[in-house]
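The opening residue of the sequence shown carries number 1080 in the numbering used here; numbering runs sequentially from there. Accompanying notes for the structure given below.
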Amino acid sequence: MMVSKQFKTTLLIGLKMPMSLFILGVYNGVMQTLYRAGVLQQHATAGINYYQGLTMHGVINAIVLTTFFAVVFGHYTVAHYLKKEPSKWSYMPSMALMVTGAVIDLVVMVLGKASALYTFYAPLQASALFYIGTAMLITGSWVAFAGRVKIWFEWKRENPTSKMPIAILGTFVNFTMWFMASIPVTYELLVLLTPWAMELTDTVHVPMTRTLFWMFGHPLVYFWILPAYVGYYTMLPKIAGGKLYSGNAARLALLLFLILSTPVGVHHQFSEGGIAPSIKLWVSILTFGVSIPSFMTAFTVGASLEYAGRKRGATGLFQWMSRLPWLRVDNYLFGYFICGLILFIFGGLSGIVNGSYTLNQLVHNTGWVPGHFHLTVAGPSILFILGLTLFMFHHISGKPMSSKFTVTIIPYLWTVGVSLLSHGLMAGGLMGEPRRTNLGLTYTNPDSPLFNSHWVPSSTVTLVGGLIMGTAALLYFICFFKMVFSKAVEQSKITLPESEELHVEKDIPLLLNMKPWIILAILLIGSTYIPSFKNVFKYGKPVENKYNMDNPTNLIENEK
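So this is what it looks like as structure tokens:
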């Protein structure tokens, strides 16, 4: 499909902008490992302090990069499958809102006015501009989604007997879930936090802001990863040389994510008071339920890959694995897909620990937690983003991709780094090593009375992993920006590998209609959050609190 000039420009901005910011996100990630391992035994480096860098690392990598990519990949996927571009009224204002919001966030973070971390927990206060910028980024993604809904209905009127392609279903599931989950955090940002940061009010309802955040914060994880799921179902079998084992299984897994993603955010609040144990038990059950579509995906994609290997002549139980296109320069995308899948096996299993009310007490606020989520966001999510950004930019811009050998080995090098980094964090976490802590000032500094020799090996492994990831990222940036600054040699186009389904399966009406699933999702959200908010209002209240990272005491109390 050919691309209009305006649509092409919008997509290219949506790829170049976040990837440029990702440089800063990666840099601050590497710096975190240097602080934690005690290589840096200081509060700040190059004018950026520990928590300022940690905020930039989390916000850029987990919110800015992932949201931009989901929007661009959604536009690209819809245009490819429906052969229609979204309306200009949707994609152009949406990108303008997102770019403006991201720039505002970047400026206030660089100036040190928003060191409230990725979770922006009250009563730690950031600049009001940070809250406004983040809200602009989120609302920009809503506008993009609205444009896609419009062309879907147009396409459906023109093709009344055609069923929704799996890739379109996955995209719509992702943004429907995202819309439902991001309304609460936008309310938190604009109605609760912004007036408080502007000193229009002295009080903030801390339990309420945290609960609103986690209505968004955990679904955000699936917002990161569902684009990769779309790729695993609709592209990976084709790339591997096979076919999708079951289209119905793919549809069911995606729809299960729609109903189970948002209600489970309370499991991040297991260690907080103000929410009844009965609610936490219900949320724990729902959280375990999220593993069902992941296990379904493991089986369906695994069977699809086995079919691909056997088509290449594999025999026996495991020979098919060796027949897959590992390290093939002419098939570089395979590495970005398969390495992400391998990492996600361990990311999913460690997530089950976090979903358990009892096991969570052991690992809460330890290095285990970032160890777990780096296996998810830095695993399948980031690897899919890196691979598809190269692929989409190449086809949209018409510019050549050189250094294909380097592009091919990057995901394998990155995977080694993530494995070591996450192992170091999780091993240290099981020994009580705290997260979000500049260990180099104390626990990994031999000159400190708080020095803990048990955390030196684990933080060193984390450091090695972080340095390997940084090396892989550096190679990626060289390859990507080399393509950005080269001259176009082909016409712009939108194309994707499309996997065929191995079996002709009977259509199941429930899997072809999103409406009942949306209704069920809303009911499940209500089953969790109506009693949660009743508890929050019963046991909590707005209080006069204001803190910053340099002062552990209540600033309002000090002023009195």
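Glycine included, C-beta positions come from ideal geometry on N, C-alpha and C.
Ignore the nearest five residues each way along the sequence and tell me which others in LEU1438's own chain have a CB closer than 7 Å to its CB. Within the sequence shown, numbered from 1, the residue matching residue 1438 stands at position 359. Excluding positions up to five away in sequence, the list reads VAL1432.
Mind checking who PRO1513 pairs with in its DSSP beta bridge? Position 434 of the sequence shown, counting from 1, holds the residue named residue 1513. Looking at the DSSP assignment, PRO1513 forms a beta bridge with THR1445.
Give a yes or no on whether the C-beta atoms belonging to LEU1144 and ALA1181 are separated by under 7 Å. Taking the sequence shown and counting its residues from 1, one reaches residue 1144 at position 65. Taking the sequence shown and counting its residues from 1, one reaches residue 1181 at position 102. The answer is no: Cβ separation not under 7 Å.
Distance, Cα to Cα, LEU1339 vs GLY1368? On the sequence shown, position 260 is the one that residue 1339 refers to. On the sequence shown, position 289 is the one that residue 1368 refers to. In a straight line, the C-alpha of LEU1339 is about 7 Å away from that of GLY1368.
Starting from the C-beta of PRO1097, find all residues in its chain whose C-beta is less than 7 Å away, skip the five residues before and the five after it, and write them out in chain order. As a working note, residue 1097 is residue 18 in the sequence shown. Counting only Cβ-Cβ distances below 7 Å, and skipping sequence neighbours, we find VAL1143, LEU1144, PHE1147 and PHE1148.
To the nearest angstrom, how far is it from the Cα of LYS1478 to the Cα of THR1468? Here residue 1478 is taken as the residue at index 399 of the sequence shown, counted from 1. Here residue 1468 is taken as the residue at index 389 of the sequence shown, counted from 1. For LYS1478 and THR1468, the distance between alpha carbons rounds to 13 Å.
Consult DSSP for MET1505 and reduce its assignment to one of helix, strand or coil. Walking along the sequence shown from the start, residue 1505 turns up at place 426. Three-state DSSP puts MET1505 in a helix.
Leaving out the 5 sequence neighbours to the left and right, which residues in its chain are closer than 8 Å to TYR1210 when beta-carbon positions are compared? Within the sequence shown, residue 1210 is the residue found at index 131, counting from 1. Around TYR1210, the same chain offers PHE1199, LEU1268, LEU1269, LEU1272, THR1273 and ALA1276 as residues with beta carbons nearer than 8 Å, after the five sequence neighbours per side are excluded.
Does the stretch 1589-1602 come into contact with the stretch 1254-1263, if we say contact requires no fewer than three beta-carbon pairs (one atom in each stretch) closer than 8 Å? yes
TRP1071 versus LEU1091 - alpha carbon distance: In the structure as shown, the chain starts at 1080 and stops at 1639, and residue 1071 therefore has no counterpart that could be examined.
Using the rule of at least 16 other Cβ atoms within 10 Å of the residue's Cβ for burial, across every protein chain shown, is LYS1162 buried or exposed? Here the question's residue 1162 lines up with position 83 in the sequence shown. So LYS1162 counts as exposed.
Is it buried or exposed for HIS1474, if we count other Cβ within 10 angstroms and need 16 for buried? Taking the first residue of the sequence shown as position 1, residue 1474 is located at position 395. HIS1474 should be labelled buried.
Residue interval of the alpha helix (DSSP H) (run including LEU1581): In the sequence shown, the residue the question calls residue 1581 occupies position 502. That residue, LEU1581, is in no alpha helix (DSSP H); it is neither H nor E in DSSP.
In the structure shown, what three-state DSSP assignment does ILE1127 receive? One-based indexing of the sequence shown puts residue 1127 at position 48. ILE1127 falls in the strand class under three-state DSSP.
Consult DSSP for LYS1617 and reduce its assignment to one of helix, strand or coil. Stepping through the sequence shown from its first residue, residue 1617 is reached at position 538. Three-state DSSP puts LYS1617 in a helix.
First and last residue of the alpha helix (DSSP H) that includes ASN1075? No answer is possible for residue 1075: the residues shown for the chain start at 1080 and end at 1639.
Are the stretch 1545-1557 and the stretch 1480-1496 touching by the rule of at least three beta carbon pairs closer than 8 Å? yes
Return the Cβ separation of MET1177 and GLY1219 in integer angstroms, given the expectation that the two are a contact with Cβ distance under 8 Å. Indexing the sequence shown from 1 puts residue 1177 at position 98. Indexing the sequence shown from 1 puts residue 1219 at position 140. Confirmed, Cβ separation roughly 4 Å.
Return the CA-CA distance between LEU1589 and LEU1331, expressed in angstroms with no decimal places. Along the sequence shown, read from residue 1 onward, the residue named residue 1589 stands at position 510. Along the sequence shown, read from residue 1 onward, the residue named residue 1331 stands at position 252. As the crow flies, the alpha-carbon of LEU1589 is around 9 Å from that of LEU1331.
Chain-order list of residues whose beta-carbon lies under 6 Å from that of SER1527 (same chain, five-residue window excluded): Mapped onto the sequence shown, residue 1527 falls at position 448. Excluding positions up to five away in sequence, the list reads THR1521.
Can you check which of these residues, ALA1260, ALA1506, PRO1202 and GLU1237, is closest to GLY1344 by C-alpha distance? For the purposes of this step, residue 1344 is taken as residue 265 along the sequence shown, with counting starting at 1. In this structure, ALA1260 is the residue among ALA1260, ALA1506, PRO1202 and GLU1237 with its C-alpha nearest to the C-alpha of GLY1344.
From PRO1342, ARG1115 and LYS1566, residue whose alpha carbon lies closest to that of THR1523: Translated into positions along the sequence shown, residue 1523 becomes position 444. Shortest Cα-Cα distance from THR1523 to any of PRO1342, ARG1115 and LYS1566 involves ARG1115.
In terms of alpha-carbon separation, which member of SER1166, PHE1251 and GLY1326 lies closest to LEU1581? Residue mapping note: residue 1581 aligns to position 502 of the sequence shown, counting from 1. If we check each option's Cα against that of LEU1581, GLY1326 comes out closest.
Any chain C beta carbon closer than 7 Å to LEU1119: Note that chain C does not occur in the displayed structure, where there is just one protein chain.
Using the beta-carbon count (16 or more within 10 Å), is TRP1168 buried or exposed? As a position in the sequence shown, residue 1168 is number 89, starting the count at 1. Under this definition TRP1168 is an exposed residue.
Reduced DSSP secondary structure (H/G/I, E/B, other) of LEU1291: By one-based count along the sequence shown, residue 1291 stands at place 212. Look at LEU1291 here: in three-state DSSP terms it is helix.
Tell me, to the nearest whole angstrom, how far the beta carbon of LEU1196 is from that of THR1290; I am working on the premise that it is less than 8 Å. Residue 1196 sits at position 117 when you count from the first residue of the sequence shown. Residue 1290 sits at position 211 when you count from the first residue of the sequence shown. So it is not a contact: roughly 17 Å between Cβ atoms.
Touch test, the stretch 1280-1300 against the stretch 1379-1389, Cβ-Cβ under 8 Å, three pairs minimum: no
Please determine if the stretch 1500-1519 and the stretch 1534-1544 are in contact, where contact requires at least 3 C-beta pairs separated by less than 8 Å. yes
In or out: ALA1075 buried (at least 16 other Cβ within 10 Å) or exposed? Nothing in the structure corresponds to residue 1075, since the chain is present only between 1080 and 1639.
CB of TYR1324 within 7 Å of CB of ALA1382, strictly: Position 245 of the sequence shown, counted from the first residue, corresponds to residue 1324. Position 303 of the sequence shown, counted from the first residue, corresponds to residue 1382. A contact, by the Cβ cut-off of 7 Å.
Is it true that the CB of ILE1318 sits closer than 7 Å to the CB of LEU1384? Here the question's residue 1384 lines up with position 305 in the sequence shown. Here the question's residue 1318 lines up with position 239 in the sequence shown. No, the Cβ-Cβ distance between LEU1384 and ILE1318 is not below 7 Å.
Of all the options MET1400, LYS1192 and ILE1601, which has the alpha carbon lying nearest to the alpha carbon of LEU1203? Indexing the sequence shown from 1 puts residue 1203 at position 124. Ranking the options by Cα distance to LEU1203, first place goes to LYS1192.
Can you check which of these residues, ALA1329, LEU1602, GLY1153 and LEU1492, is closest to MET1471 by C-alpha distance? Stepping through the sequence shown from its first residue, residue 1471 is reached at position 392. Considering only alpha carbons, the answer is GLY1153.
What's the C-alpha gap between LEU1248 and LEU1333? Position 169 of the sequence shown holds residue 1248. Position 254 of the sequence shown holds residue 1333. Straight-line Cα distance between these residues: approximately 8 Å.
In whole angstroms, what is the alpha-carbon distance linking LYS1229 and VAL1150? For the purposes of this step, residue 1229 is taken as the residue at position 150 of the sequence shown. For the purposes of this step, residue 1150 is taken as the residue at position 71 of the sequence shown. Cα to Cα, LYS1229 sits roughly 15 Å from VAL1150.
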